Amino acid sequence: MNNLWKNMKFRSKLILFFVLLITIPSIINIMINYKTSSEIIISNAKDGILEVVQKKNEISDLMLRQIEERTIALISDPDLYRLFDREQPQDDYELLKMDREASALLSKYFRKEQDLYIPQLVTSYYSFGLGNTGYTSSSPFISVPSGGFTGSYIHERIVESQGSLVWIPTYDMTRVFNQPELSGMDAKLRMIFSIGRVINSSPIIDGMSRTWPAHVERPVLLINFHEEYYRQNGEQADAAAGSYFYVVSKEGQIVTHPDSSQLGHSDKNGWYREFRQPSGTSIVKDGQEDVLMGYAVSEVTGWVTVYAVPYQQLLRNLPLVRYTDLLTALALILLSIGISYVISDRLTKPIKRMMAAIQLTGAGDFSTKIPDQSQLEFRILIKKYNQMNEKIVELLQENYESTRREKEAEMLALNLQLNPHFLYNTLNIINWMAIERDERAISRMIVSLSTMLQYTVNNGQEKVSLGDDLLWLQSYTHIMENRYAGVFEVKYELEELPLDTVVPKLFLQPIVENAIIHSMAAVTKEGMITISGRMCGQRLCFSVADNGKGMSREQLEALLAQDYDGIGIRNIRKRLALMYGTEASLQLESEEERGTVVTVTIPLSAGLET
């Protein structure tokens with residue numbers, strides 16, 4: 003891609019620039035317009051969905067509240083009190099008579115929508131309320147068996163409420179009431195939700211409040227609803243495709259749902275539990291699909307009514323906006339191509355003339371001059387081009403002189419390389435002469451000097467191995483011990499060290515030299531210089547200690563402030579800072595007439611590269 007751009011003509015680049023200048027803002031505009039339109043649509047949809055679900059919830063609450071009020075009115079009915087103010091009937095005739103009276107009584111309060119809900123008065127010995135033909139012939143409900151009911155968790159919850167109204171989310175009545183022979187029925191008949199309360203009748207009869215004696219069993223008012231009750235209350239004719247309503251209890255159990263297989267099960271999403279508001283909207287994940295959910299909490303049941311609309315369904319008309327924007331952008335791009343073609347043609351003509359002149363310069367004709375152009379920019383460019391040609395001629399001459407001087411320097415370097423070689427050979431001859439005369443001390447000094455010269459002259463590296471640098475230092479101290487024979491002694495205390503690690507070249511020599519020249523200047527005998535080395539974790543720690551004259555506090559402060567005339571110390575300090583930064587350190591401690599200790603700490607480095 004980079005080569006393609008480099009090889010592209012200026013005119014092509016100019017056209018491409020104009021196209022991009024139109025295309026990029028157009029794309030950004032399309033994206034912003036699409037995003038803004040989406041946000042507006044979603045915002046309006048949220049408001050509409052919230053209004054719908056709140057309205058539906060209000061309608062359901064109104065109807066359920068009416069039913070709740072009827073249950074309260076039933077409790078105060080004297081006929082209900084008289085009907086159950088007796089011992090448990092002992093024959094079927096009396097039970098049937100009670101059932102007819104109970105059915106008539108229930109019809110008095112619950113006469114509408116018998117295909118959606120049905121009330122019963124249930125005791126441990128009989129289930130009253132389906133004796134009226136209005137309930138048995140036209141109602142699709144199944145009678146609740148008294149035995150199955152009293153042993154169910156629903157009966158337990160209602161009894162625990164002590165007369166308060168209890169709302170039971172959708173359940174399979176054939177399973178809960180132990181009716182396996184009816185389990186094959188349609189789910190619409192089996193799946194119901196209920197409300198119930200224990201009837202503690204307390205009517206006013208003859209001006210007195212009456213209550214049943216303790217031995218009279220309190221019946222349970224149980225009203226069963228088909229889950230379609232919610233779906234037939236306020237279904238939206240203009241609902242979006244794929245949208246649906248459902249109701250879920252505060253515990254997460256589905257009360258009503260278009261998919262009958264979901265009834266009675268826990269809602270797998272549970273998204274509404276995150277909200278504390280009585281109503282609102284949210285975009286949630288339903289499987290692999292984003293869904294806009296509107297919800298409202300019932301003031302009567304505490305259940306949540308949900309209206310779910312597929313997110314993409316809300317944006318189904320947005321592609322039309324995108325196509326319109328794309329067509330507009332395409333028209334602008336075509337227009338920009340035409341304009342850029344005309345402009346680029348006018349701009350590239352002077353450039354073509356310059357290219358012809360540059361080709362002549364490339365062929366070696368540096369005397370080429372381009373006449374001025376009318377445009378200011380090209381006048382400046384041409385002026386610089388002509389100046390460049392003049393400068394090239396000057397540089398060619400300078401390059402010739404530089405090449406000549408470089409060759410002379412190479413010859414001089416070759417001659418200088420002969421001198422160290424001659425010196426090593428001469429030292430080697432002197433060494434053998436000393437050995438032949440049994441002058442071992444002189445021989446050792448010559449070998450040390452030869453080692454030092456080879457290490458210093460041949461090794462041009464700034465970093466060397468620790469082993470090589472210590473070997474050179476030992477040669478140096480040997481020579482200095484012999485030079486100041488009897489004045490001082492050099493002692494090495496080196497622990498096991500990684501000799502292949504990398505260190506700055508000659509990093510200890512200036513310190514040792516300082517100790518010899520300055521500290522030992524006033525010593526005539528029994529001087530001692532101790533060179534120590536050890537591992538300090540992942541660092542190398544070296545110290546050079548002497549028992550010389552030491553330094554006063556003022557001298558030590560001047561040295562630490564780099565005002566001291568010890569060039570070697572300053573050199574080492576700067577080299578350590580350049581190579582290791584703050585990871586290396588050089589510290590001095592001194593006391594007059596007691597000596598000086600210099601400590602160098604450097605990080606452990608890998609071996610030399612080969």
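Counted the way our numbering counts, the sequence shown spans residues 3 to 612.
From the three backbone atoms N, C-alpha and C, an ideal C-beta is built for every residue, glycine too.
Predicted model, so just to flag it, every value in this text is computed and none were measured.
{"Asked": "First through last residue of the alpha helix (DSSP H) which encompasses Gly-340", "Found": "320-364"}
{"Asked": "Val-600 beta carbon less than 8 Å from that of Val-546", "Found": "yes"}
{"Asked": "Own chain, CB closer than 8 Å to Ile-342, minus 5 neighbours either side, in chain order", "Found": "According to the sequence displayed, residue 342 carries Ser and not Ile. Closer than 8 Å at the Cβ level, and outside the excluded window around Ser-342, lie Leu-16, Ile-17, Phe-19, Phe-20, Val-21."}
{"Asked": "At least three beta-carbon pairs within less than 8 Å, the stretch 350-370 to the stretch 22-36", "Found": "no"}
{"Asked": "Which listed residue (Leu-66, Asn-484, Leu-588) has its alpha carbon closest to that of Thr-303", "Found": "Leu-66"}
{"Asked": "Beta-carbon proximity check, Ile-42 vs Leu-294, cutoff 8 Å", "Found": "no"}
{"Asked": "Neighbour-count burial assignment, Ile-394, 16 or more Cβ in a 10 Å radius", "Found": "exposed"}
{"Asked": "As assigned by DSSP and simplified to three states, the class of Thr-110", "Found": "For the sequence presented, residue 110 should be read as Lys rather than Thr. In the structure shown, Lys-110 sits in a helix (DSSP, three-state: H, G or I)."}
{"Asked": "Residue burial classification, Glu-593 (beta-carbon count within 10 angstroms, cutoff 16)", "Found": "exposed"}
{"Asked": "Sequence-distant residues of the same chain with beta carbon closer than 7 Å to Gly-597, five excluded per side", "Found": "Ser-521, Ala-547, Asp-548, Asn-549, Gly-550, Gly-552"}
{"Asked": "Val-178 (DSSP reduced to helix, strand or coil)", "Found": "helix"}
{"Asked": "Where Met-447 falls, given that 16 or more other Cβ within 10 Å makes a residue buried", "Found": "buried"}
{"Asked": "Assigned secondary structure, Leu-98 (DSSP; H/G/I helix, E/B strand, else coil)", "Found": "helix"}
{"Asked": "Boundaries (first-last residue) of the beta strand (DSSP E) holding Asn-31", "Found": "Note, Asn-31: premise wrong, no beta strand (DSSP E); alpha helix (DSSP H) at 12-77."}
{"Asked": "Exposure label - His-267; buried when at least 16 CB within 10 Å", "Found": "exposed"}
{"Asked": "For Gln-463 and Leu-496, the rounded distance between their alpha carbons", "Found": "24 Å"}
{"Asked": "Collapsed DSSP secondary structure at Arg-84 in the structure displayed", "Found": "helix"}
{"Asked": "Residue environment, Met-1, which counts as buried when at least 16 other CB atoms sit within 10 Å", "Found": "Lying before the first or after the last residue shown, residue 1 is absent from the chain, which here runs from 3 to 612."}
{"Asked": "Among Ile-432, Ile-604, Leu-473, nearest to Met-581 - alpha-carbon criterion", "Found": "Ile-604"}
{"Asked": "Buried/exposed call for Lys-11, threshold 16 Cβ in 10 Å", "Found": "exposed"}
{"Asked": "Spatial distance of Val-124 from Ser-251 (CA atoms)", "Found": "25 Å"}
{"Asked": "N-terminal and C-terminal residue of the alpha helix (DSSP H) that Thr-479 is part of", "Found": "468-485"}
{"Asked": "Beta-carbon proximity of Pro-171 to Val-257, cut-off 8 Å", "Found": "yes"}
{"Asked": "Chain-order list of residues whose beta-carbon lies under 8 Å from that of Glu-595 (same chain, five-residue window excluded)", "Found": "Lys-551, Gly-552"}
{"Asked": "As assigned by DSSP and simplified to three states, the class of Ala-104", "Found": "helix"}
{"Asked": "Ordered list of alpha helix (DSSP H) runs contained in the stretch 507-532, each at least 4 residues", "Found": "511-516"}
{"Asked": "Inter-stretch contact at 8 Å, needing at least 3 Cβ pairs: the stretch 71-86 / the stretch 192-205", "Found": "yes"}
{"Asked": "Residues of its chain near Ser-140, where Cβ-Cβ distance is below 6 Å and the 5 sequence neighbours each way are ignored", "Found": "Reliability fails at Ser-140, whose pLDDT of 46 lies under 50, so the model's placement of it is uncertain and the value that follows must be treated cautiously. Within the same chain, Ser-140 has no close Cβ partners at all."}
{"Asked": "Closest by C-alpha distance to Ile-34, when choosing among Phe-509, Asn-226, Val-323, Ala-523", "Found": "Val-323"}
{"Asked": "Run of the alpha helix (DSSP H) containing Leu-590, from where it starts to where it stops", "Found": "Note, Leu-590: premise wrong, no alpha helix (DSSP H); beta strand (DSSP E) at 587-593."}
{"Asked": "Length of the line joining the Cα atoms of Leu-265 and Tyr-127", "Found": "30 Å"}
{"Asked": "Neighbourhood of Asn-59 by C-beta distance below 7 Å, restricted to the same chain and skipping five residues each side", "Found": "Ala-298, Ser-300, Thr-307"}
{"Asked": "Member of Ser-14, Leu-501, Arg-575, Asp-188 whose CA lies at the smallest distance from the CA of Gln-511", "Found": "Arg-575"}
{"Asked": "Proximal residues to Tyr-246 (C-beta, below 7 Å), its chain only, five neighbours per side dropped", "Found": "Pro-260, Ala-310"}
{"Asked": "Exposure label - Ser-185; buried when at least 16 CB within 10 Å", "Found": "exposed"}
{"Asked": "Trp-7 classed as buried or exposed, judged by whether at least 16 other C-beta atoms fall within 10 angstroms", "Found": "exposed"}
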